[in-house]
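Residue numbers are given in my numbering: position 118 of the sequence shown equals residue 446, and the series is strictly consecutive.
Using N, Cα and C, we set each Cβ at its ideal position, and we do this for glycine too.
Quick caveat: nothing in here was measured; it's all calculated off a predicted structure.
Take a look at the structure set out below.
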Amino acid sequence: GDEEKPVVVKQYWTGSVGAHAKYWDEFLNHGIFAIGYDSTTDLAKFKSKKEILNHLKLVEQGSKNPTNDANACWDFLHNMRTGDIIFAKKGVTHLLGYGIVESDYQFDQTQKSFKHVRKVNWVRTDERQLPAGEVMALKTLTNITNIQGFPETLSKAVGLEIGPLPPPTGVAYWWLNANPKMWDFEGDAIGSVQTYTTHNERKNKR
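Listed below in structure tokens is the structure:
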């Protein structure tokens with residue numbers, strides 16, 4: 329019989345459109361979503377995320393989060409797919425709209441900035457605030473697909489009907505904010521243990 333084709337699950341992303349939504353109108357008018365890192369060449373030339381990270385450490389020396397930046401570049405190049413949904417965010421509590429990704433990654437040298445581009449069919453809405461207590465990551469680009477309930481929350485905020493998503497496949501993903509001067513996980517072997525309390529010595533939540 330015919331082989332079954334693998335099911336491609338639509339992914340959901342949040343993306344920054346510049347400080348104070350500076351580039352929102354430009355992205356909207358040109359039907360694109362783009363990321364900066366303007367000192368970085370065509371991302372397709374890099375063979376691994378580590379190569380991007382090493383390059384960013386050289387050229388983006390003012391960046392406080394080169395690992396997050398490298399992740400954003402790699403995701404934008406390889407992991408985002410045509411048909412995915414991207415939510416344009418302003419800060420961490422406001423949404424401007426959503427769009428459907430319509431192309432693979434492109435490097436547009438004609439642009440003075442934001443040369444790393446994907447075409448997006450934007451569906452514009454009025455600026456909306458997330459429900460109280462809900463916040464998005466500060467990062468330039470975040471895959472929120474496996475954050476249970478979060479794609480539905482953002483979709484509802486902008487009037488997008490997506491229906492209930494299937495639960496995660498047994499793998500949970502967590503954010504952990506840690507002071508790198510006190511907690512460094514990059515050098516630890518998989519399976520090693522560090523203790524991290526939920527409250528500090530003053531009994532305040534971390």
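Residue i in three-state terms, based on DSSP
i: Asn528; result: coil
i: Asp432; result: coil
i: Ser483; result: helix
i: Ala347; result: helix
i: Asn471; result: strand
i: Phe587; result: Not covered by the structure: residue 587. The range shown for the chain is 329 to 534.
i: Ala362; result: strand
i: Thr395; result: helix
i: Asp516; result: coil
i: Leu371; result: helix
i: Asn407; result: helix
i: Ala400; result: helix
Residue closest to residue i, alpha-carbon to alpha-carbon, out of the options
i: Lys375; options: Asp366, Gly359, Leu356 and Ala398; result: Ala398
i: Asp366; options: Ile413, Phe442, Glu480 and Glu379; result: Phe442
i: His358; options: Val451, Asp412, Val420 and Val387; result: Val451
i: Leu469; options: Ala460, Gln476, Thr523 and Gly419; result: Gly419
i: Gln339; options: Arg530, Glu529 and Glu480; result: Glu480
i: Val345; options: Lys417, Met464, Arg409 and Val387; result: Lys417
i: Lys440; options: Ala460, Ile475 and Gly364; result: Gly364
Endpoints, the alpha helix (DSSP H) within which residue i is located
i: His383; result: Lys377 to Val387
Start and end residues, beta strand (DSSP E) containing residue i
i: Leu454; result: Correcting the residue type first, residue 454 is Asp in the shown sequence and not Leu. From DSSP, the beta strand (DSSP E) with Asp454 extends over His444 to Gln457.
Contact belief for residue i with residue j at Cβ below 8 Å, rounded distance in angstroms
i: Leu381; j: Pro394; result: 6 Å
i: Asp403; j: Asn449; result: Contact flag wrong, Cβ pair sits at about 20 Å.
i: Phe435; j: Trp341; result: In fact, because the Cβ distance is near 19 Å, the residues do not count as touching under 8 Å.
i: Val486; j: Gly425; result: 6 Å
i: Leu423; j: Leu458; result: 7 Å
Residues bridged to residue i [DSSP beta-bridge criterion]
i: Gly427; result: Ile414 and Trp450
i: Thr342; result: Phe415 and Thr470
i: His422; result: Lys418 and Gln457
Residue-level contact to chain B via CB, residue i, 8 Å cutoff
i: Lys375; result: The question asks about chain B, but that chain is absent: this structure has only one protein chain.
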